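Engineer: In my numbering, the protein residues as written are 135 to 577.
Beta carbons: idealized from backbone N, C-alpha and C, even for Gly.
Treat the numbers as computed from the prediction; the structure is a model and nothing was measured.
1. Mind checking which residues open and close the beta strand (DSSP E) that includes residue 437?
2. Along the chain, where does the alpha helix (DSSP H) that runs through residue 567 open and close?
3. So, is residue 417 buried or exposed, given that buried needs 16 or more other C-beta atoms within 10 angstroms?
4. Could you check which residue in 282, 525, 346 and 179 has the C-alpha nearest to that of residue 409?
5. Beta carbon of residue 324, beta carbon of residue 156: below 8 Å?
6. Going by the beta-carbon positions, is the gap between residue 558 and residue 570 smaller than 8 Å?
7. In chain order, what residues of the same chain lie with their CB nearer than 8 Å to the CB of residue 424, ignoring the 5 residues before and after it?
8. Residue 504 by DSSP, collapsed to three states: which one?
9. Write down the C-beta distance between residue 163 and residue 207 rounded to the nearest angstrom, noting that I regard them as a contact closer than 8 Å.
10. Compute the Euclidean distance between the alpha carbons of residue 368 and residue 178, then round it to the nearest angstrom.
11. Report yes or no: do three or more beta-carbon pairs, one from the stretch 490 to 504 and one from the stretch 357 to 367, lie closer than 8 Å?
12. Using three-state DSSP, classify residue 577 as helix, strand or coil.
13. What are the complete alpha helix (DSSP H) segments, minimum 4 residues, inside the stretch 469 to 543?
14. Do you know offhand how far residue 578's Cα is from residue 138's?
15. Does the contact criterion of 3 or more C-beta pairs under 8 Å hold for the stretch 369 to 389 versus the stretch 308 to 328?
16. Which stretch, first to last residue, makes up the beta strand (DSSP E) that contains residue 299?
17. Who are the near neighbours of residue 153 in its chain, counting only those whose CB is closer than 6 Å to its CB and skipping five residues on each side?
18. Any idea if residue 239 is buried or exposed, counting beta-carbon neighbours within 10 angstroms, 16 or more meaning buried?
19. Can you have a look at residue 314 and say buried or exposed, based on whether 16 or more other CB atoms are within 10 angstroms of its CB?
20. Report yes or no: do three or more beta-carbon pairs, one from the stretch 506 to 523 and one from the stretch 448 to 455, lie closer than 8 Å?
21. Pick helix, strand or coil for residue 332, following the three-state DSSP scheme.
22. Less than 8 Å between the CB atoms is what I'm expecting for residue 233 and residue 250, so what's the real figure, rounded?
23. How should residue 174 be labelled, buried or exposed, when 16 other C-beta atoms within 10 angstroms of its C-beta is the threshold for buried?
24. Are the Cβ atoms of residue 135 and residue 212 separated by less than 8 Å?
25. Out of 277, 281, 304 and 275, which has the shortest C-alpha to C-alpha gap to residue 289?
26. Got a sec, what are the start and stop residues for the beta strand (DSSP E) residue 289 sits in?
27. Using the DSSP secondary-structure output, state which residues sit across from residue 162 in a beta bridge.
28. Which partner residues does residue 321 have in the DSSP bridge list?
29. Using a threshold of 8 Å, state whether the C-beta atoms of residue 360 and residue 428 are closer than that.
30. Using a 10 Å radius around the Cβ and a threshold of 16 neighbouring Cβ atoms, would you call residue 394 buried or exposed?
31. What first and last residue would you give for the beta strand (DSSP E) that runs through residue 347?
32. For residue 189 and residue 198, which I take to be in contact (beta-carbon distance under 8 Å), what is that distance rounded to the nearest angstrom?
33. Based on the DSSP output, what are the partners of residue 213 in its beta bridges?
34. Look at the Cβ atom of residue 227, then the Cβ atom of residue 261, and state whether they are nearer than 8 Å.
35. Does the beta-carbon distance from residue 550 to residue 516 come in below 8 Å?
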C-alpha cells in the first residue's frame, strides 16, 4: 500500500519506517529541509534502538523516501498520516496549528480519495476540526473530492518503540465509515497475524483512549510517589510495599516504581491537555490536577534532599549527576527530572558534572556552554571533584558500579538516588550516606 506520513519526528519516523518494513511504499514529509537532508544522508535525528537499521534498510530498497515536496506527498499515499507535534499552549491545551496546517495542505492538493489518519496525540473533537478544515478549503476551490478522517493513536514507549509498533498490544482505530475500517485492517494486517489486536471504535472514543491511557499510567506513578513520601514518614520501605501490592494481579507491577517524577514528551503534556479538555466542557478533573501537582512536587525532592544535606548552602558545591534523559534508552530530555534538579542547583550556586550514555548532545543543545555544567565522558569522570552523587535515570550502566571507587572519589560519601537502584543495607555496609525515595536513610 502507498502511505504518506506528515512529520518526521519521533512518531512519524517510527510509523513510516515500520510500515515500510512490512512492504508498504512510504513517503515521509517534513517542512524542515535540514532534517530531510540529514535523513536522506542516513542520519537519524533521534535515538531509538533499532530505528537506524530499519530506516537504512528500507531506504536502500526504495520503500522509504524523505521529502519536503507536499505535492508529491499528497499525490502518493492513499493513507495520509498526520504525525506532527501538538505542543502545549500556556493554558495546557494542545496546540493544533500544525495538525490543521497539514489538513489544509492536503485539502489544497486533493485530487482523489484519501484517508486522513490522525496519528498525533490530539484532543477529542480534533477529527471534526480536521474534516472541517478540509471541507473549508474544498468549498473555497469549488471542489468535492471524497475523503475520510480517522483517529489512529500511537501507543509507543520511547526506547521500545520498534517492538511496540511491530508487535502491538492493541491497534486502536476510530472511524465512521465501515469501508475505511476495512482499509485500515488491510494496512495493519502484517501486525495483526497472531490474534486480532484491532480495536475498532468511534472516532471520539479513539481520541479519548490515548489521553486516558497516558493519564492512567501517570496516575499510577504519582500515586506510588505519594505513598513513597508517606512511607518515609512512617518508617516503611516503599520497595517492599511495591512488591506487596504488585503481586495482586488487579494492580500488577507495571508503572508502580517510585522515583523523582515522570517526564518525557507524553505524560506531562497529555495530563495537562486532558485536564484542560475537562475544564473546557465544564468538568473539574480533580484527580488529574493532583497527578500533575504530585509529579511537580516530586521533581523537587532530590534537590530538597541535597540542599538539606548541605545545611541550606549549595554555593560552590559540585554535584555529580548520573542520567539526563527522562528514562533509559532514549536521548529525550523533555520535562526530564534532571532539568528540574540542575536548574535548581544552578540557582543556588552549585556546579553540575553530568554523564548520560546518549543524551549528552541533547543537554548541550538545550543549555549550551556554561561554566556550571560540565558534561563528562564517563560516570567515573563525573565523580572527580564532586562532593556528592545524584542519580535520576535508571540506566543499566549505573546499577552495579564500583562503590569503592565512588566512595574514594567523592568529597563526601553521599548518594541521592532518585530511582532506588541500590539496597539501603548494602549502602550502609559500604559506608555511604544513602538517600533514596520512600526508604529509610542509610548512613
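Structural biologist: With the given structure in hand:
1. Translated into the one-based positions of the chain shown, residue 437 becomes position 303. Taken as a continuous stretch (DSSP letters only), residue 437 belongs to no beta strand (DSSP E), being part of the alpha helix (DSSP H) at 435 to 443.
2. Taking the first residue of the chain shown as 1, we reach residue 567 at position 433. Run containing residue 567: none in the alpha helix (DSSP H); it sits in the beta strand (DSSP E), 567 to 569.
3. Taking the first residue of the chain shown as 1, we reach residue 417 at position 283. Burial call: exposed.
4. Here residue 409 refers to the residue found at position 275 of the chain shown. If we check each option's Cα against that of residue 409, 346 comes out closest.
5. What you label residue 324 is simply residue 190 of the chain shown in a count that begins at 1. What you label residue 156 is simply residue 22 of the chain shown in a count that begins at 1. Against a cut-off of 8 Å, the Cβ pair of residue 156 and residue 324 comes out as a contact.
6. Counting from 1 along the chain shown, the entry for residue 558 is found at position 424. Counting from 1 along the chain shown, the entry for residue 570 is found at position 436. Yes, they are a contact pair.
7. To locate residue 424, count along the chain shown from 1; it is residue 290. Result list for residue 424: 356, in chain order.
8. Position 370 of the chain shown, counted from the start, is the residue given in the question as residue 504. In this structure, residue 504 counts as coil in the three-state DSSP scheme.
9. Stepping through the chain shown from its first residue, residue 163 is reached at position 29. Stepping through the chain shown from its first residue, residue 207 is reached at position 73. Contact flag correct, Cβ pair sits at about 4 Å.
10. As a first step, residue 368 must be located in the chain shown, where it is residue number 234. As a first step, residue 178 must be located in the chain shown, where it is residue number 44. Rounded to the nearest angstrom, the two C-alpha atoms are 48 Å apart.
11. no
12. Translated into the one-based positions of the chain shown, residue 577 becomes position 443. Any reading at residue 577 must be qualified, since the residue scores a pLDDT of 47, below 50, and its modelled position is unreliable; no value is offered.
13. 471 to 481, 494 to 501, 513 to 517 and 537 to 543
14. What is shown of the chain runs 135 to 577, which leaves residue 578 out entirely.
15. no
16. Taking the chain shown and counting its residues from 1, one reaches residue 299 at position 165. Looking at the DSSP string, residue 299 is not in any beta strand (DSSP E); the run it does join, the alpha helix (DSSP H), is 295 to 300.
17. In the chain shown, counting from the first residue as 1, residue 153 sits at position 19. Same-chain partners within the cutoff: 137 and 160.
18. Working through the chain shown from its first residue, we reach residue 239 at position 105. Under this definition residue 239 is a buried residue.
19. For the purposes of this step, residue 314 is identified with residue 180 of the chain shown, where counting begins at 1. Buried: at least 16 other Cβ atoms inside 10 Å.
20. yes
21. In the chain shown, counting from the first residue as 1, residue 332 sits at position 198. Strand at residue 332.
22. In the chain shown, the residue the question calls residue 233 occupies position 99. In the chain shown, the residue the question calls residue 250 occupies position 116. 10 Å between Cβ atoms; not a contact.
23. Looking up residue 174 in the chain shown gives position 40. That one is exposed.
24. Looking up residue 135 in the chain shown gives position 1. Looking up residue 212 in the chain shown gives position 78. In this structure, residue 212 lies closer than 8 Å to residue 135 by Cβ.
25. Here residue 289 corresponds to residue number 155 of the chain shown, with the count starting at 1. Measuring from the Cα of residue 289, the nearest candidate turns out to be 304.
26. The sequence position of residue 289 within the chain shown is 155, counting from 1. Per DSSP, residue 289 belongs to no beta strand (DSSP E) and is neither H nor E.
27. Stepping through the chain shown from its first residue, residue 162 is reached at position 28. 139 and 200, per the DSSP bridge assignment.
28. As a working mapping, residue 321 is identified with position 187 in the chain shown. The partner list for residue 321 (beta bridge, DSSP) is empty, contrary to what the question assumes.
29. Walking along the chain shown from the start, residue 360 turns up at place 226. Walking along the chain shown from the start, residue 428 turns up at place 294. Going by C-beta atoms, residue 360 is nearer than 8 Å to residue 428.
30. On the chain shown, position 260 is the one that residue 394 refers to. It is buried - the Cβ of residue 394 has at least 16 other Cβ atoms within 10 Å.
31. In the chain shown, the residue the question calls residue 347 occupies position 213. Premise fails: residue 347 lies in the alpha helix (DSSP H), 337 to 368, not in any beta strand (DSSP E).
32. Your numbering for residue 189 matches position 55 in the chain shown. Your numbering for residue 198 matches position 64 in the chain shown. Indeed they touch by this definition, with Cβ atoms about 7 Å apart.
33. In the chain shown, the residue the question calls residue 213 occupies position 79. Beta-bridge pairing links residue 213 to 137 and 249.
34. Working through the chain shown from its first residue, we reach residue 227 at position 93. Working through the chain shown from its first residue, we reach residue 261 at position 127. Contact: no.
35. Mapped onto the chain shown, residue 550 falls at position 416. Mapped onto the chain shown, residue 516 falls at position 382. Their beta carbons are not under 8 Å apart, which means residue 550 does not touch residue 516 by this criterion.
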